[in-house]
Each structure stands twice: as structure tokens, then as C-alpha cells.
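Some notes on the structure that comes next.
2 protein chains.
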Amino acid sequence: MQIHTEGVHSKETCSQAASAIRDALYVIGGKWKLPILMTLASGPQRFRELQKMLETITPKVLSKELKELELNEFIKRTVHPTTPVTVEYSLTHYSTSLQKVLIELRDWGFAHRQRLRASLRASKSEQVLEEK
Amino acid sequence: MQIHTEGVHSKETCSQAASAIRDALYVIGGKWKLPILMTLASGPQRFRELQKMLETITPKVLSKELKELELNEFIKRTVHPTTPVTVEYSLTHYSTSLQKVLIELRDWGFAHRQRLRASLRASKSEQVLEEK
DNA sequence: GATAGCAGTATCCCAAAGGATACTAGTATC
DNA sequence: GATACTAGTATCCTTTGGGATACTGCTATC
Numbered sequence: 543m544q545i546h547t548e549g550v551h552s553k554e555t556c557s558q559a560a561s562a563i564r565d566a567l568y569v570i571g572g573k574w575k576l577p578i579l580m581t582l583a584s585g586p587q588r589f590r591e592l593q594k595m596l597e598t599i600t601p602k603v604l605s606k607e608l609k610e611l612e613l614n615e616f617i618k619r620t621v622h623p624t625t626p627v628t629v630e631y632s633l634t635h636y637s638t639s640l641q642k643v644l645i646e647l648r649d650w651g652f653a654h655r656q657r658l659r660a661s662l663r664a665s666k667s668e669q670v671l672e673e674k
Numbered sequence: 543m544q545i546h547t548e549g550v551h552s553k554e555t556c557s558q559a560a561s562a563i564r565d566a567l568y569v570i571g572g573k574w575k576l577p578i579l580m581t582l583a584s585g586p587q588r589f590r591e592l593q594k595m596l597e598t599i600t601p602k603v604l605s606k607e608l609k610e611l612e613l614n615e616f617i618k619r620t621v622h623p624t625t626p627v628t629v630e631y632s633l634t635h636y637s638t639s640l641q642k643v644l645i646e647l648r649d650w651g652f653a654h655r656q657r658l659r660a661s662l663r664a665s666k667s668e669q670v671l672e673e674k
């Protein structure tokens with residue numbers, strides 16, 4: 543596996559690539575980051591609305607995830623001076639930069655699952671043949 | 543964020559996409575999967591060699607990770623009947639299917655880190671201006 | 001004045017990931 | 001017969017991610 547476009551393959555470029563990948567995996571990883579982003583993809587939502595739509599998330603975790611997403615500039619937090627105050631979370635333009643990555647991950651994930659299913663079937667029919 | 547190429551945006555396609563992404567994140571996630579694959583990218587290695595090159599991994603964890611990578615068909619385990627037996631781990635052809643995903647992740651990770659650094663600098667100079 | 005809704009916090013708890021350390025079985029060398 | 005090398009296992013421990021439950025401060029309504 544060469545994960546660089548040029549022909550270089552030094553220890554530095556590799557570990558730099560590895561830490562960049564780790565960074566990327568970190569900011570979209572975990573149980574709730576993607577579900578939250580996907581919920582917000584259908585439009586801005588308030589805290590309680592998010593909590594209801596995500597069904598099983600607890601406020602503590604939701605709060606923490608929203609803070610991290612905001613730090614990474616994927617979402618924007620807007621406080622409306624209503625009574626009581628309402629807080630709206632919305633996707634930033636920057637969040638669209640994830641598209642390519644997510645599409646690659648999705649496509650690869652689909653293909654991989656199919657591949658594993660196929661090789662499972664293959665090993666099962668092998669077993670059947672062996673039993674005969 | 544629309545993570546599909548067509549114009550459809552139903553609940554099913556979304557949650558399917560989400561679980562495909564989760565699958566993908568799972569098989570390359572964790573602390574050691576990528577470092578192991580990258581080490582093997584420079585050529586096949588035996589168990590002990592891997593352990594030395596990864597420096598701080600314990601045999602228990604290495605063993606577990608290798609098993610999972612083998613299950614996912616990223617690596618191949620070959621036992622050589624030497625004395626004592628040596629076991630060689632090598633990348634499979636299938637492991638190259640990760641290339642595109644990893645390149646996207648790496649590029650995005652690089653860009654994201656730079657972006658965060660830039661916005662950190664910006665907020666610092668804002669503070670300086672405010673202090674004047 | 002009690003209740004209900006808002007956006008969260010605080011505290012305690014559990015399970016999973018990973019680490020530390022010691023150990024296994026087999027054989028060749030000293 | 002002790003030592004060292006191979007590829008791992010076994011047991012115990014710590015850290016981390018996340019969950020359960022209760023609570024806060026604020027205000028509008030009943």
C-alpha cells in the first residue's frame with residue numbers, strides 16, 4: 543500500500559500521512575458525529591430537536607459532540623434571544639468539504655461488506671463440498 | 543451535507559450510507575491498524591519484526607490486530623516450516639483497494655489541520671487587536 | 001406560587017480498547 | 001541441562017467513550 547502520489551516513501555512522509563489520517567478519523571469518528579451531521583443536513587435544528595431526532599443520545603454527550611463539531615467548524619451555534627433562549631445548530635459551508643471523504647468511505651464500506659459476504663458464502667459452500 | 547451522488551435523500555439511503563461509513567471506519571480504525579498496514583507496505587514482516595518496528599505495541603494487541611486484518615483480507619499469514627517456525631505477514635492485493643480512501647483521508651486531514659491552525663492564528667491576532 | 005419548557009451540567013457508572021507483565025510450547029545452541 | 005529464539009496466550013489493570021439519572025438557571029404560563 544502506497545498512500546502517496548509521488549514515488550517517495552520515506553519514514554517521514556509516511557508518519558505524516560498516518561497522523562493526517564488519524565486526525566481525519568478522529569474528527570469524524572465516534573458514535574454520534576456523523577449521525578449529528580446527517581441530521582443537520584436536513585436543516586438547522588435546536589438542541590432539544592436534535593436530542594429527539596437522535597432518540598437515544600443523552601444531553602451530556604450531545605453537548606460534548608456539538609462543541610467538538612463547532613471547534614472543527616463543521617457546525618455553527620446561533621443563540622436566538624427569544625424567551626426562553628433557543629439555540630440553533632446549522633452546518634457550515636466548510637462541512638461540505640467532508641463530502642468526498644465520506645463518499646469514498648461509504649463506497650468502500652459497501653464494497654467491502656459485499657466482498658466479505660461473498661467470501662463467507664464461498665467458504666460455506668467449500669464446507670458443504672468437503673462434507674460430501 | 544449530501545453524501546450521495548443522486549438527488550435522493552431518503553431516510554433509508556442515509557442510514558445505509560451511515561452504516562457503510564461506520565463499517566469502513568471500523569475496519570481501519572483503532573490505534574494500530576494503519577501503522578501495521580504501513581509497516582507491511584515496505585515488505586512482508588514476521589511477528590517479532592512487526593513488534594520491534596511498531597516499538598510500543600504489545601504482543602497481545604498485535605496478535606489481535608493481525609487477526610482482524612487477516613479476517614478483512616488486508617493481510618496474509620504464511621507459516622514457514624523452519625525451526626523455529628516463522629510466520630510471515632504480507633499485504634494482499636485487496637489491501638490496495640484502501641488507497642483512494644486513505645488518500646482522501648490524508649489530504650483532508652492535512653487541509654483540516656492547516657485550516658485550524660490558520661483560524662487559531664486569526665483568533666489570536668483578533669485578541670491582540672482587542673487588547674490595543 | 002407551582003409547573004413546564006429551554007439549553008445545557010454534574011455525578012456516578014459501565015463496557016470496551018488497549019497496556020503491563022508473565023507465561024506457554026517447541027527446538028537449536030552453549 | 002540452562003539459555004535463547006520463535007509465535008503467540010493469559011491475567012490483570014488503566015484509560016476512555018459513552019450512558020443513566022438528576023440537577024441548574026431562566027422565563028412564561030396556569
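Chains as they are written, first to last, in my numbering: chain A, 543 to 674; chain B, 543 to 674.
Heads up, the beta-carbon is just placed ideally off N, CA and C, and yes, glycines get one too.
query: For a contact meaning CB atoms closer than 8 Å, what does B:F589 contact in chain A?
result: Result: empty, since nearest Cβ-Cβ is about 19 Å, beyond 8 Å.
message: Going by the DSSP bridge assignment, what does B:T638 pair with across the sheet?
response: Paired residue(s): none; B:T638 is not in a bridge.
message: Tell me the residue span of the beta strand (DSSP E) that contains B:K618.
response: I617 to H622
message: According to DSSP, is A:S632 part of a helix, a strand, or is it coil?
response: strand
message: I'd like to check one pair, A:T628 with A:H622: are the Cβ atoms closer than 7 Å?
response: yes
message: Measuring CB atoms only, is the stretch 591 to 605 of chain B touching the stretch 592 to 609 of chain A, in the sense that at least three cross pairs come out at less than 8 Å?
response: no
task: Just mark A:S667 as buried or exposed, buried being the case when its beta carbon has 16 or more other beta carbons within 10 Å.
output: exposed
query: A:A562 to A:L647, Cα distance in whole Å?
result: 16 Å
- prompt: Considering A:V569, what are the terminal residues of the alpha helix (DSSP H) in which it resides?
  reply: K553 to I570
- prompt: Mind checking whether A:G572 and B:A566 have CB atoms under 7 Å apart?
  reply: no
- prompt: Which residues in chain A sit within 7 Å of B:A660, going by Cβ to Cβ distance?
  reply: What B:A660 touches in chain A: nothing, since even the nearest Cβ is about 11 Å away.
- request: With a 10 Å radius around its C-beta and 16 neighbouring C-beta atoms as the bar for buried, classify A:S637 as buried or exposed.
  value: buried
- prompt: In terms of residues, what are the limits of the alpha helix (DSSP H) holding A:V627?
  reply: Unbroken run through A:V627: none, as it is neither H nor E.
query: Assuming B:S632 and B:L582 make a contact with CB atoms under 8 Å, what is their CB distance in whole Å?
result: 6 Å
task: Tell me whether A:L662 is buried or exposed, calling it buried when 16 or more other Cβ atoms sit within 10 Å of its Cβ.
output: exposed
field: Local Cβ density within 10 Å of B:H654, reported as buried at 16 or more and exposed below that
entry: buried
task: Please report how far the alpha carbon of B:D649 lies from the alpha carbon of A:Q669, in whole angstroms.
output: 44 Å
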